[in-house]
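Data block below; observations after.
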Amino acid sequence: MLNKVSILFQSDLSMTDCVEEFFRTAVKRWDLEDDRIDWIALSLREAVNNAIIHGNSNLFEKKVEVVMEANEKNIVFKIWDEGRGFDINSLPDPTTEENLLRPHGRGIFLISKFVDGVKFICRETGFGIELKVNLSK
Amino acid sequence: MLNKVSILFQSDLSMTDCVEEFFRTAVKRWDLEDDRIDWIALSLREAVNNAIIHGNSNLFEKKVEVVMEANEKNIVFKIWDEGRGFDINSLPDPTTEENLLRPHGRGIFLISKFVDGVKFICRETGFGIELKVNLSK
Amino acid sequence: MKYEVLEKGNVTVIKLSGRITLGSGDVKLRDKLVEELEKGKKKIVLDLGEVSFMDSAGLGELVAAYTSAKRHGAQVKLSNLTKKIDDLLDITRLSSVFETYNSTEEAVKSF
Amino acid sequence: MKYEVLEKGNVTVIKLSGRITLGSGDVKLRDKLVEELEKGKKKIVLDLGEVSFMDSAGLGELVAAYTSAKRHGAQVKLSNLTKKIDDLLDITRLSSVFETYNSTEEAVKSF
Ligand SMILES: Nc1ncnc2c1ncn2[C@@H]1O[C@H](COP(=O)(O)OP(=O)(O)O)[C@@H](O)[C@H]1O
Ligand SMILES: Nc1ncnc2c1ncn2[C@@H]1O[C@H](COP(=O)(O)OP(=O)(O)O)[C@@H](O)[C@H]1O
Chain A
631 MLNKVSILFQ SDLSMTDCVE EFFRTAVKRW DLEDDRIDWI ALSLREAVNN
681 AIIHGNSNLF EKKVEVVMEA NEKNIVFKIW DEGRGFDINS LPDPTTEENL
731 LRPHGRGIFL ISKFVDGVKF ICRETGFGIE LKVNLSK
Chain B
631 MLNKVSILFQ SDLSMTDCVE EFFRTAVKRW DLEDDRIDWI ALSLREAVNN
681 AIIHGNSNLF EKKVEVVMEA NEKNIVFKIW DEGRGFDINS LPDPTTEENL
731 LRPHGRGIFL ISKFVDGVKF ICRETGFGIE LKVNLSK
Chain C
870 MKYEVLEKGN VTVIKLSGRI TLGSGDVKLR DKLVEELEKG KKKIVLDLGE
920 VSFMDSAGLG ELVAAYTSAK RHGAQVKLSN LTKKIDDLLD ITRLSSVFET
970 YNSTEEAVKS F
Chain D
870 MKYEVLEKGN VTVIKLSGRI TLGSGDVKLR DKLVEELEKG KKKIVLDLGE
920 VSFMDSAGLG ELVAAYTSAK RHGAQVKLSN LTKKIDDLLD ITRLSSVFET
970 YNSTEEAVKS F
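Residue numbers (the working numbering), protein chains in the order written: chain A, 631 to 767; chain B, 631 to 767; chain C, 870 to 980; chain D, 870 to 980.
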């Protein structure tokens with residue numbers, strides 16, 4: 631049983647693939663549908679890419695920590711960066727007419743569609759996003 | 631560029647697959663031969679399994695930390711457990727007549743054949759094995 | 870991501886395959902498309918049948934492909950969407966932006 | 870690891886495939902073999918042609934298969950070794966323990 635795993639790495643976008651493959655291997659222990667796994671993997675990727683790009687401003691020295699925790703009911707991911715976070719309420723809706731042709735701004739939106747709970751957390755050393763995936767549904 | 635990654639997890643043998651897949655994804659940035667990658671992956675697996683089984687006596691609460699560090703010349707893996715380590719010099723040679731039919735005891739031997747340097751390190755919180763892989767050969 | 874360019878009459882088909890994501894270091898759909906636009910191609914089909922996975926950056930590439938084409942007076946249509954990619958376009962309402970076709974043949978004929 | 874059991878005359882061929890490692894939770898070669906031995910099978914070929922990866926625990930399973938067979942008055946031979954598995958057996962000198970054959974056919978005939 632996976633209980634708690636922490637992966638700590640520098641701000642390098644190629645780490646996103648590594649974290650995704652770690653997750654895809656770990657998730658085999660649960661009997662999730664392939665599609666669901668893809669959507670969770672996508673959410674995890676979006677959060678890690680955001681941590682690197684926005685949270686850590688692509689500064690290689692700054693670190694990202696991905697924590698995966700699981701019990702019988704949930705998998706909880708926390709993705710920490712060294713930034714100050716952002717105001718979630720000010721995010722533009724990417725599905726409105728005026729935003730539809732923007733090449734960016736769909737990451738948090740997709741996360742919110744694909745996982746069962748999203749939280750934003752600030753701590754002294756940085757900002758974190760928490761993704762909760764319900765195992766029982 | 632991969633510089634330093636740390637993966638911290640509990641003593642659960644299924645984590646070995648996850649660490650292996652993380653490594654296999656990370657290693658793509660270097661132009662290593664497939665066979666060589668397999669042998670390094672094997673060495674990493676052996677060290678992680680030993681940390682869980684021997685170092686942490688399969689006690690789920692005890693943690694293993696895998697650190698991967700790379701520069702232009704080397705990849706260095708450190709696999710830490712919470713145990714007291716062991717006397718390397720007292721390990722029996724698995725290739726002698728009397729040991730050939732033992733089902734165990736080939737892990738460290740294989741590691742020593744497949745990586746370019748092996749070191750054992752003791753620290754206050756536990757024991758570590760360091761595997762060095764030469765990128766330039 | 871891998872791609873293959875095929876000419877079907879005066880329609881350019883770009884057959885994409887693999888993952889279109891940020892981080893794999895190969896989100897180059899936009900560049901590939903611009904190359905074709907600069908050759909003067911006006912009718913373009915992106916065949917997504919072999920695309921296994923796409924993230925928000927991949928969707929951004931599709932949108933950028935669409936807008937670049939428009940700027941060049943060209944048109945981009947999509948074909949062969951898997952259920953997964955179709956779902957992504959629906960959720961993000963990008964399905965209202967793109968003309969999509971079940972087969973590349975239909976997409977080619979539609980111009 | 871997956872396996873398939875085939876009877877070729879009085880020889881039992883166990884065709885293994887995939888990874889034989891500790892940690893995947895499926896190093897069950899030993900159990901499968903004991904099952905055959907307890908049915909009274911005496912001539913066994915392990916076809917390793919489709920085994921993609923093996924660690925020290927996998928090698929341990931091969932050795933355990935060998936010794937279990939011996940204890941039952943049976944014999945285990947190996948066939949179809951890939952270069953990778955062949956190398957592993959050489960390095961660990963297990964190649965001196967096992968009779969190995971290039972093809973399962975040859976291994977079957979050799980009894
Ligand atoms: N970890 C983070 N730290 C700081 N700002 C963030 C973080 N994640 C997201 N943001 C902000 O939220 C915005 C929307 O993010 P997202 O929906 O993923 O789209 P995109 O990354 O394409 O801009 C980003 O442009 C950024 O301003
Ligand atoms: N991390 C470790 N902590 C304590 N002892 C270890 C560790 N790794 C290896 N050992 C000791 O070395 C022996 C040989 O290990 P190895 O060659 O991997 O074979 P095996 O694990 O099959 O016994 C083990 O049986 C154990 O006694």
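The beta carbon of each residue, even a glycine, is placed where N, CA and C say it ideally should be.
For residue i, which residues in the same chain have their Cβ closer than 6 Å to its Cβ, ignoring the five residues on either side in sequence?
i, result
"E581 of chain A", "Any question about residue 581 of chain A goes unanswered here, given that chain A covers just 631 to 767."
"K871 of chain C", "S886, G887"
"E968 of chain C", "K946"
"H985 of chain D", "The structure shown does not extend to residue 985 of chain D, since chain D spans only 870 to 980, so no value can be given for it."
"Y970 of chain D", "S948, A976"
"K877 of chain C", "V977"
"I670 of chain A", "V763"
"K884 of chain D", "E873, D916"
"C752 of chain B", "G715"
"R919 of chain C", "One detail in the question is off: residue 919 of chain C reads as Glu in this sequence, not Arg. Answer for E919 of chain C: S886, listed in chain order."
Where does the unbroken beta strand (DSSP E) through residue i begin, and where does it stop?
i, result
"V920 of chain D", "912-923"
"K634 of chain B", "634-640"
Tell whether a beta-carbon distance below 9 Å holds between residue i and residue j.
i, j, result
"L915 of chain D", "L958 of chain D", "no"
"L917 of chain C", "S948 of chain C", "yes"
"R659 of chain B", "S766 of chain A", "no"
"V932 of chain D", "V966 of chain D", "yes"
"N679 of chain A", "A938 of chain C", "no"
"K912 of chain D", "V874 of chain D", "no"
"A943 of chain C", "K897 of chain C", "no"
"V763 of chain A", "N701 of chain A", "no"
"D746 of chain B", "K953 of chain D", "no"
"S673 of chain A", "S636 of chain B", "no"
"D716 of chain A", "F757 of chain A", "For the sequence presented, residue 716 of chain A should be read as Phe rather than Asp. Going by C-beta atoms, F716 of chain A is nearer than 9 Å to F757 of chain A."
"I709 of chain A", "L761 of chain A", "yes"
"S921 of chain D", "T951 of chain D", "yes"
"D924 of chain C", "T890 of chain C", "yes"
Which first and last residues belong to the alpha helix (DSSP H) in which residue i is found?
i, result
"G737 of chain B", "737-744"
"A700 of chain A", "Note, A700 of chain A: premise wrong, no alpha helix (DSSP H); beta strand (DSSP E) at 693-700."
"K762 of chain B", "Premise fails: K762 of chain B lies in the beta strand (DSSP E), 756-764, not in any alpha helix (DSSP H)."
"W669 of chain B", "664-680"
"T655 of chain B", "645-656"
"K953 of chain C", "952-960"
"E905 of chain D", "898-907"
Excluding sequence positions up to five away, which residues of its chain have a Cβ less than 7 Å from the Cβ of residue i?
i, result
"G894 of chain C", "Since pLDDT at G894 of chain C reaches only 49, below the 50 mark, its modelled position is unreliable, and the value read off the structure follows with that caveat. Same-chain partners within the cutoff: there are none."
"V903 of chain C", "S937"
"L638 of chain A", "K693, E695"
Quickly, what does DSSP pair residue i with across the bridge? List them, please.
i, result
"K884 of chain D", "D:E873, D:D916"
"K939 of chain D", "Per DSSP, none; premise fails for K939 of chain D."
"I751 of chain B", "B:G758"
"T969 of chain C", "C:L947"
"I705 of chain B", "B:A700, B:V763"
"W710 of chain B", "B:E695, B:G758"
"I889 of chain D", "D:M923"
Tell me which same chain residues have a C-beta within less than 8 Å of the C-beta of residue i, skipping the five on either side of it?
i, result
"E691 of chain B", "Q640, S641"
"I682 of chain A", "S641, D642, L643, M645, T646, N688, V694, D711"
"R899 of chain D", "E930, A933, A934, S937"
"E676 of chain B", "G737, I738, L740, I741"
"G735 of chain A", "L721, P722, P724, N729"
Is there a C-beta anywhere in chain E that falls below 9 Å from the one on residue i?
i, result
"L689 of chain A", "The structure shown has no chain E; the protein chains it does contain are A, B, C and D."
*State whether the stretch 683-693 of chain B contacts the stretch 651-662 of chain B, with contact taken as three or more CB pairs (one from each stretch) at a distance under 8 Å.*
no
*Cβ contact (3+ pairs, closer than 8 Å) linking the stretch 733-740 of chain B and the stretch 714-724 of chain B*: Contact between the stretch 733-740 of chain B and the stretch 714-724 of chain B is present, because at least three Cβ pairs lie under 8 Å.
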